[in-house]
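Protein chains in written order, with my numbering: chain G, 1 to 293; chain E, 294 to 743.
Read through the structure below, which is laid out as structure tokens, and then see the notes.
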Amino acid sequence: MRERYGPWLMLTPCFIVLFVVGIYPLGYSLWISLNAYHPTNPSFPQGFILFENYVTAFFDERARHALGVTALFTFSSVSLSLVLGMGIALLFNIRLPGVAIARALILIPMLVTPIAVGITWRIMYNPELGVINYLLRLVGLPGQGWLGSMNQALLSVIIVDVWQWTPFMFLILFAGVRSLPKSPFEAAAIDGAARWQTFLYVTLPMMRPVIVLAVLLRAVDSVRTFDQIFMMTRGGPNLVTDLASIYLHRVNFKFFDIGYGAALSWAFLILLLAAVIAFIRYTGFLRRATEAG
Amino acid sequence: MAHSSMNGPRPRRPGVSRRAILKGMGGAAAAAAATPAFRARAGDKVNLNVLLTNIPWTDAILSTVAEAYNAHTGGRVTITGEQMPYESHYEKMVLELSSGSSTFDIVTSDTIWIRQIVNNNWVTGLEPMKAADPSLPDLNWGDFLDGPYLFSTFNDERWAIHATQSTPVFVYRKDLLEDAGIDPPPLWNWDQYRDAAAKLTKNGVSGAAMLLGGQDACMGDWMFRVMGYDPNPPGNDFLLNDDAEPIFNENNRGVRAIERMKEILDYCPQGVFNFDYPDGPPLMQEGKAALVVHWLDMWPGLDDPSISKHAGNFGYTISPTDNVSQHMVAGWGMFISAFSEHQREAYEFMAWMLEGKAYQLFREAGETTLIYKPDLVDPAVKAEIPLLEVYDDINDYKTTYTAFPPYKVTNAAEVQRLIYEEVIAAVVGEKSPETAMQTAEDRVVKALRG
């Protein structure tokens, strides 16, 4: 009897914690998403409405726009930080004096609170009083509108995201580069391969699982970006940086339309999961990881 | 256990044991102590916690006002608080109150959010409290400007005290106008404003500034123009009439206001589409813009030479207009939370504030949006705060006060956001002003679900 139920008994506290902090809130948010729930507007219609919130979400022009901005932001930010992270990882793989210190310093942006990053960059980007335009004008170039420009705002927030999270890419990719076996490189050298050929045909294929992992982690994180954008633009100007997270925040905490906000969250979550699964299947990440394991 | 097994069960004493009596007394004391009424009667020290935003008068609440009131109560009542940035203040306030939290005894609210907290019964009205309990001290309303009470009077009873009254003020650089040969008219219209902005845009100075990146700030820029077209009938708030129909584009005034904004875009600083409240003062202090119309409470440091490069060169008057001169009022109100365990003490604190000393301390802390009448007629105060010249102009030009929309609806923040999105879409040229206003009306009607 003890042998049969003992392990379950020992696991019970874990299950309770998992249920309380994980499953219950998820289930509750799913339930809320099926309701009209306006806790701060008691005169509004309230109650169970089945999938009406999801139907509204499907036709919500703002939600579709936010999704598009998020996709563009994530794709650009992850791609740029991947290229830069890989470049820095390869550079730091060369034994040069001072590399160890530089390696530590390069991680600093990743350690800064995103809110602080947002405030700092907002000040730096200020077209009239910020340091970036000051430096541009110093070398005879015209100042730019940056966060206040319809054409440059999204690029500006992507730059900040890349600045903050390239170190994360570097960290993972550098670990991957350092763990590569030496013999294939020696073989390539003996065969007379040029550096770019070695990189393209030896380094990249061997790094593929690491790259896929880094991209996956970074992309999921990038989709959830909120703090920096909230501090820099709050989704503006004219919604050009209105990421899904910013829109969700507005629906939930400005409109307090909690039922609809929950439905939007679930819709975004399902889309994100679908994208992640498609990415994993496309790259064969799990299969390779299993084979490697 | 061993004792009882060896000697058998201990004989039960007749009646109630001493331990049971002590336990009962302890329980009763704990229950009594847990009731707010007991704590209030006990004469113990009481702390009033206040939810505040981060402007000069709120600094005073936490320092000089708190000290003065603590001394006034003989050390019995202390004041503490939490200061939130403007945008986060609304979220904090609604989350705290909607969850029935007693963390804050007093909440401060911008005028447009007031209906939300009142309609949800999250606050307790001051005059209703007084009516229910005549032993409470009287409230001295007579020494204060009436404007903000447009927002916090329900069924002829005042629910809040107001700390400040803000109104649009036209800030201009006197020296630049003089250099450009522009003689400031007594009451500007928006044509003159645009022409002056065009003329003043040179040498790295932008002729005008707007704050189009913040929801509330951009709505201000738009509303300052809307309010100048038609007289606002009693009962209207420029957003909805008494039948809850949108009227903000009545007689095309919403469209005309957008066009007025668009016509000065070329004379505004780069990045104008992302500027919010914090970006306004540095622009003027650093001499990057020559003209701006915005809320009075934004400009406390303009004439302080330690932070403003052009202190002494600023002139202040009422907002330009195209037809009628009406001035919106707004400001911050202080309410007693319905969930406070110290409502009586909170009431007494507010009654003390209305005696006037607290408002003098606000002024000493740098607050410029004064509502204490003795301050407003004091020549020394007016000399110290040139911004107050705007009140002279309001009197001189018989400007009437009107309320800042959309204060009448429970979901004011949402309605304001919807209009803001359409206004900014038109200002950046993504939509025509007519389409934007039509869409705004449709969205507002949809948002008024209740």
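In this text, a Cβ means the ideal position worked out from N, Cα and C, and glycines have one as well.
Backbone CA spacing between residue i and residue j [nearest angstrom]
| i | j | result |
| --- | --- | --- |
| Gly367 of chain E | Glu648 of chain E | 17 Å |
| Ala327 of chain E | Gln636 of chain E | With a pLDDT of 46 at Ala327 of chain E, under the threshold of 50, the modelled position of that residue is not reliable, and no figure is offered here. |
| Ile372 of chain E | Ala453 of chain E | 18 Å |
| Ala361 of chain E | Phe437 of chain E | 20 Å |
| Thr346 of chain E | Pro441 of chain E | 17 Å |
| Trp515 of chain E | Tyr282 of chain G | 50 Å |
| Leu129 of chain G | Ala583 of chain E | 15 Å |
| Asp60 of chain G | Phe566 of chain E | 25 Å |
| Leu34 of chain G | Ser725 of chain E | 37 Å |
| Ser599 of chain E | Phe607 of chain E | 15 Å |
| Val464 of chain E | Val112 of chain G | 38 Å |
| Asp468 of chain E | Asp671 of chain E | 27 Å |
| Asp509 of chain E | Ile211 of chain G | 44 Å |
| Thr56 of chain G | Gly259 of chain G | 11 Å |
| Ala501 of chain E | Ser29 of chain G | 47 Å |
| Leu147 of chain G | Pro109 of chain G | 20 Å |
| Met124 of chain G | Ile132 of chain G | 6 Å |
| Met577 of chain E | Ser499 of chain E | 10 Å |
| Ser394 of chain E | Ile354 of chain E | 21 Å |
| Gly605 of chain E | Val343 of chain E | 35 Å |
| Ala262 of chain G | Phe268 of chain G | 10 Å |
| Gly624 of chain E | Gln144 of chain G | 35 Å |
| Glu682 of chain E | Thr692 of chain E | 14 Å |
| Gly521 of chain E | Trp592 of chain E | 22 Å |
| Asp735 of chain E | Tyr713 of chain E | 14 Å |
| Pro667 of chain E | Phe655 of chain E | 14 Å |
| Ala71 of chain G | Tyr570 of chain E | 30 Å |
CB contact below 8 Å: residue i versus chain E
| i | result |
| --- | --- |
| Ser29 of chain G | no |
| Glu52 of chain G | no |
| Thr233 of chain G | yes |
| Thr120 of chain G | no |
| Ser79 of chain G | no |
| Gly328 of chain G | It is not possible to answer for residue 328 of chain G, since the shown part of chain G is limited to 1 through 293. |
| Ser43 of chain G | yes |
| Pro237 of chain G | yes |
| Pro39 of chain G | yes |
Any non-hydrogen atom of the ligand FAD within 7 Å of residue i CB
| i | result |
| --- | --- |
| Thr661 of chain E | Absence of the ligand FAD is noted for the structure shown, with no ligands found whatsoever. |
Cutoff 8 Å: residue i Cβ touching any chain G Cβ
| i | result |
| --- | --- |
| Ala568 of chain E | Rather than Ala, the amino acid found at residue 568 of chain E in this sequence is Phe. By this cut-off, Phe568 of chain E is an interface position. |
| Val585 of chain E | no |
| Gly564 of chain E | yes |
| Ser391 of chain E | yes |
| Val721 of chain E | yes |
| Val343 of chain E | no |
| Lys581 of chain E | yes |
| Gly649 of chain E | no |
| Gln409 of chain E | yes |
| Gly506 of chain E | yes |
| Val757 of chain E | Nothing about residue 757 of chain E can be reported from this structure: the residues present for chain E run from 294 to 743 only. |
| Val737 of chain E | no |
| Glu278 of chain E | Any question about residue 278 of chain E goes unanswered here, given that chain E covers just 294 to 743. |
| Val498 of chain E | no |
Interface partners of residue i on chain B, CB under 9 Å
| i | result |
| --- | --- |
| Pro575 of chain E | Going by chain labels, chain B is absent from the structure shown, which instead holds the protein chains G and E. |
Supposed close pair residue i, residue j - CB separation, criterion 8 Å
| i | j | result |
| --- | --- | --- |
| Gly547 of chain E | Val586 of chain E | Not confirmed; about 17 Å, so no contact. |
| Ala63 of chain G | Leu217 of chain G | 25 Å between Cβ atoms; not a contact. |
| Val177 of chain G | Leu90 of chain G | 6 Å |
| Leu138 of chain G | Thr241 of chain G | Not quite, the Cβ-Cβ distance comes to about 28 Å (not below 8 Å), so this is no contact. |
| Asp523 of chain E | Val617 of chain E | 7 Å |
| Ala456 of chain E | Trp588 of chain E | Rounded, the Cβ-Cβ distance is 14 Å, inconsistent with contact. |
Practice item. Report the residues of the segment 693-718 of chain E with a CB closer than 8 Å to any CB of chain G, ordered along the chain. Key: Under the 8 Å Cβ criterion, the segment 693-718 of chain E contributes Thr703, Asn704, Ala706, Glu707, Arg710, Glu714, Ile717 and Ala718.
Check your understanding: Using Cβ-Cβ distances below 9 Å, what residues of the segment 547-562 of chain E are close to chain G?
Key -> If the cut-off is 9 Å between Cβ atoms, the segment 547-562 of chain E has Pro562 near chain G.
Exercise for review: Give, in chain order, every unbroken run of the alpha helix (DSSP H) that is at least 4 residues long and sits entirely within the segment 666-740 of chain E.
Suggested key: 666-669, 672-677, 682-689, 705-720 and 726-740, all fully within the segment 666-740 of chain E.
Review point. Counting only runs that start and end within the segment 332-382 of chain E, where is the alpha helix (DSSP H) found for 4 or more residues in a row?
Key: Listed in chain order, they are 349-353 and 359-365.
Exercise for review: Quick one: which unbroken alpha helix (DSSP H) runs of 4-plus residues sit fully inside the segment 557-589 of chain E? Chain order, please.
Suggested key: Runs of the alpha helix (DSSP H) inside the segment 557-589 of chain E: 573-578.
Review point. Got a sec: which bits of the segment 146-162 of chain G sit with their beta carbon under 9 Å from any beta carbon on chain E, in order along the chain?
Key: Listed by position along the chain: Trp146, Leu147, Gly148, Ser149, Met150 and Ala153.
Review point. Which whole runs of the alpha helix (DSSP H) in the segment 598-666 of chain E are 4 residues long or more, in chain order?
Key: Here the runs fully enclosed are 636-646 and 650-657.
Exercise for review: Could you name the residues of the segment 242-255 of chain G whose beta carbon sits closer than 8 Å to any beta carbon of chain E, in the order they occur along the chain?
Suggested key: From the segment 242-255 of chain G, only Arg250, Phe253, Lys254 and Phe255 have a Cβ closer than 8 Å to chain E.
Practice item. Return the chain-ordered ranges of every alpha helix (DSSP H) run that is complete within the segment 100-154 of chain G and spans a minimum of 4 residues. Key: Given a length threshold of 4 residues, each whole run of the alpha helix (DSSP H) inside the segment 100-154 of chain G is given here in chain order: 108-111, 114-125 and 131-138.
Point to revise | Complete beta strand (DSSP E) runs within the segment 460-539 of chain E (minimum length 3 residues, chain order) | key: For the segment 460-539 of chain E, whole beta strand (DSSP E) runs of length 3 or above, ordered along the chain, are 461-466 and 499-502.
**Study point:** Contact set between the segment 411-422 of chain E and chain G, restricted to residues whose Cβ is under 8 Å from the partner
**Key:** Among the residues of the segment 411-422 of chain E, those with a Cβ less than 8 Å away from any Cβ of chain G are Asn412 and Asn413, in the order of the chain.
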